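Colleague:
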Amino acid sequence: MHVSLLVRALHKGGNEPAEYEDAAWPAAGMTRRARGFRCAVADGATETSFSGEWARLLVRSWCRGESEARWFRRTLPQLRDTWSEQVGKRPLPWYAEEKRRRGAFAAFVGLHLACREGQSGWWMATAIGDSCLFQVRRHELLTAFPLTRPEDFTNRPHLLSTHVPPNGTDAHSFTALRNGGLLGAASEGAASLTRIEGGWTSGDRFYLMTDALGQWFLTCHLQGSQPERFLSPLLAGSNEHEFEAFVMAAREAGELRNDDVTLCALLVKGSHEP
């Protein structure tokens with residue numbers, strides 16, 4: 001198969017670029033012929049310390065190609081140790097030390113594409129939280145995952161934590177309290193990790209994005225305005241300034257929440273197409 005990837009990102013308005021706490025991997029666009037391809041985005045919770053580092057660890061490790069089961073059972077504990085080692089070396093004032101002790105949180109979505117002979121293939125995605133995947137075919141939305149409606153976005157998504165939750169699962173529910181404090185509680189009920197599989201045909205597009213852009217995408221779709229048609233011109237060529245201008249205008253109009261924004265856009269074609 002032939003995969004074309006474009007990556008766009010912008011920090012939250014009013015913040016410095018260094019305060020951007022999303023992550024994507026691959027971190028830059030590319031074109032590749034391969035039998036398999038992986039990409040991922042993660043959204044570090046801005047109210048927790050060093051969540052950007054945690055998000056980067058998650059996406060890079062996912063794209064190394066391990067099986068999903070191995071990644072969660074063996075690699076995720078190793079990533080927690082790596083994060084603790086990285087941030088533990090930094091001298092901090094007492095109030096920052098307390099936030100570090102609470103750990104970091106991140107939403108995550110990862111996509112694995114594979115090809116069959118000819119013009120089609122299969123895909124699998126894994127997600128936790130409110131980072132989203134959309135599959136589009138000829139401007140028709142085929143798949144929205146893991147959230148399917150704008151109102152599904154809340155201030156209490158399940159997130160991957162750097163700390164093992166008390167019940168031994170790999171997810172925390174998280175909310176930012178009105179007083180600026182944090183509440184991290186073990187998820188209850190069904191596991192919050194979700195998984196989906198599907199097929200692709202040549203010309204399909206996949207979009208992975210963090211929550212603010214995902215909510216905008218679903219809102220546009222609900223209104224019948226085909227959000228993919230808005231994004232396609234912004235992704236043409238290498239001009240990142242058009243995407244930045246779009247995000248800033250949408251924020252100003254109240255159509256897009258002011259948050260870090262990350263987008264991975266993939267076009268997949270069959271092995272016999274140029």
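Residue numbers for the sequence shown follow my numbering, so the first one is 1 and each next one is one higher. Note that beta-carbon positions come from the ideal geometry of N, C-alpha and C, so glycine has one too. Because the structure is a prediction, the values reported are computed rather than measured.
1. Compare the C-beta of residue 20 against all C-beta atoms of chain C and say whether one is closer than 9 Å.
2. Could you pull the start and end residues of the beta strand (DSSP E) that residue 75 belongs to?
3. Can you find at least 3 beta carbon pairs, one from the segment 260-273 and one from the segment 1-17, that sit closer than 8 Å?
4. Could you give the distance in angstroms between the alpha-carbon of residue 241 and the alpha-carbon of residue 18?
5. How about residue 83 and residue 162: are their beta carbons less than 9 Å apart?
6. Grab me the residues of residue 33's own chain with a C-beta within less than 6 Å of its C-beta, minus the 5 sequence neighbours each way, in chain order.
7. Going by C-alpha distance, which of 44, 63, 269 is nearest residue 54?
8. Identify whether residue 50 lies in helix, strand or coil by the three-state DSSP scheme.
9. Using C-beta distances below 8 Å, list every residue in its chain close to residue 180, excluding the 5 sequence neighbours before and after it, in chain order.
10. What's the call for residue 93, buried or exposed, on a 16-neighbour Cβ count within 10 Å?
11. Would you mind giving the Cβ-Cβ distance between residue 146 and residue 194, rounded to the nearest angstrom? I have them listed as a contact below 8 Å.
12. Fully enclosed by the segment 114-142, which beta strand (DSSP E) runs are 3 residues long or longer?
13. I need the DSSP call for residue 69, collapsed to helix, strand or coil.
14. Can you tell me the Cα-Cα spacing of residue 61 and residue 220, whole angstroms?
15. Smallest Cα separation from residue 199: which of 222, 248, 254, 137?
16. Could you tell me which residues DSSP puts in a beta bridge with residue 200?
17. Tell me which residues share the same chain as residue 30 and place their Cβ nearer than 7 Å to its Cβ, disregarding the 5 neighbours each side in the sequence.
18. Mark residue 269 as exposed unless 16 or more other C-beta atoms lie within 10 angstroms of its C-beta, in which case mark it buried.
19. So, with DSSP's three-state summary, where would you put residue 164?
20. CA-CA distance, residue 11 and residue 116?
21. What distance in whole Å lies between the Cβ atoms of residue 41 and residue 109, which are believed to be in contact at a cut-off of 8 Å?
22. Roughly how many angstroms separate the alpha carbons of residue 39 and residue 112, rounded to a whole number?
23. Distance, Cα to Cα, residue 123 vs residue 114?
24. How would you call residue 154, buried or exposed, if buried means at least 16 neighbouring beta carbons within 10 angstroms?
25. State the Cα-Cα distance for the pair residue 230 and residue 71, rounded to the nearest angstrom.
Modeller: Taking the geometry as given:
1. The structure shown has no chain C; it contains just one protein chain.
2. For the purposes of this step, residue 75 is taken as the residue at position 75 of the sequence shown. Segment: none, residue 75 is in no beta strand (DSSP E) and carries neither H nor E.
3. yes
4. As a working note, residue 241 is residue 241 in the sequence shown. As a working note, residue 18 is residue 18 in the sequence shown. Rounded to whole angstroms, residue 241 to residue 18 spans 18 Å at the Cα level.
5. What you label residue 83 is simply residue 83 of the sequence shown in a count that begins at 1. What you label residue 162 is simply residue 162 of the sequence shown in a count that begins at 1. The answer is yes: Cβ separation under 9 Å.
6. Taking the first residue of the sequence shown as position 1, residue 33 is located at position 33. Closer than 6 Å at Cβ, skipping near neighbours: 2.
7. Translated into the one-based positions of the sequence shown, residue 54 becomes position 54. Nearest of 44, 63, 269 to residue 54, Cα basis: 44.
8. As a first step, residue 50 must be located in the sequence shown, where it is residue number 50. Looking at residue 50 - three-state DSSP - the assignment turns out to be coil, as it is neither helix nor strand.
9. Counting from one through the sequence shown, the residue named residue 180 turns up at place 180. At residue 180 the pLDDT is 31, less than 50, meaning the model places this residue with poor confidence and gives no usable figure here.
10. Here residue 93 is taken as the residue at index 93 of the sequence shown, counted from 1. The residue in question, residue 93, is exposed, as its Cβ has fewer than 16 Cβ neighbours within 10 Å.
11. Working through the sequence shown from its first residue, we reach residue 146 at position 146. Working through the sequence shown from its first residue, we reach residue 194 at position 194. Confirmed, about 5 Å.
12. Complete beta strand (DSSP E) runs here, min 3: 120-128, 132-137.
13. Sequence index remark: in the sequence shown, residue 69 carries index 69 (1-based). In the structure shown, residue 69 sits in a helix (DSSP, three-state: H, G or I).
14. Against the sequence shown, residue 61 aligns to sequence position 61. Against the sequence shown, residue 220 aligns to sequence position 220. Straight-line Cα distance between these residues: approximately 32 Å.
15. As a first step, residue 199 is located in the sequence shown; it is residue number 199 there, counting from the start. It is 137.
16. What you label residue 200 is simply residue 200 of the sequence shown in a count that begins at 1. 121.
17. Residue 30 sits at position 30 when you count from the first residue of the sequence shown. Cβ within range, chain order: 5.
18. Looking up residue 269 in the sequence shown gives position 269. The residue in question, residue 269, is buried, as its Cβ has 16 or more Cβ neighbours within 10 Å.
19. As a position in the sequence shown, residue 164 is number 164, starting the count at 1. Here residue 164 sits in coil by DSSP.
20. If you number the sequence shown from 1, residue 11 lands on position 11. If you number the sequence shown from 1, residue 116 lands on position 116. When rounded, the distance between both Cα atoms is 38 Å.
21. Translated into positions along the sequence shown, residue 109 becomes position 109. Translated into positions along the sequence shown, residue 41 becomes position 41. At roughly 6 Å, the Cβ-Cβ gap stays under 8 Å, so residue 109 and residue 41 are in contact.
22. Reading the sequence shown from its first residue, position 39 is the one you call residue 39. Reading the sequence shown from its first residue, position 112 is the one you call residue 112. When rounded, the distance between both Cα atoms is 7 Å.
23. Taking the first residue of the sequence shown as 1, we reach residue 123 at position 123. Taking the first residue of the sequence shown as 1, we reach residue 114 at position 114. Each residue's Cα considered, the two are about 6 Å apart.
24. Along the sequence shown, read from residue 1 onward, the residue named residue 154 stands at position 154. So residue 154 counts as exposed.
25. Here residue 230 refers to the residue found at position 230 of the sequence shown. Here residue 71 refers to the residue found at position 71 of the sequence shown. Taking the straight line joining both Cα atoms gives about 35 Å.
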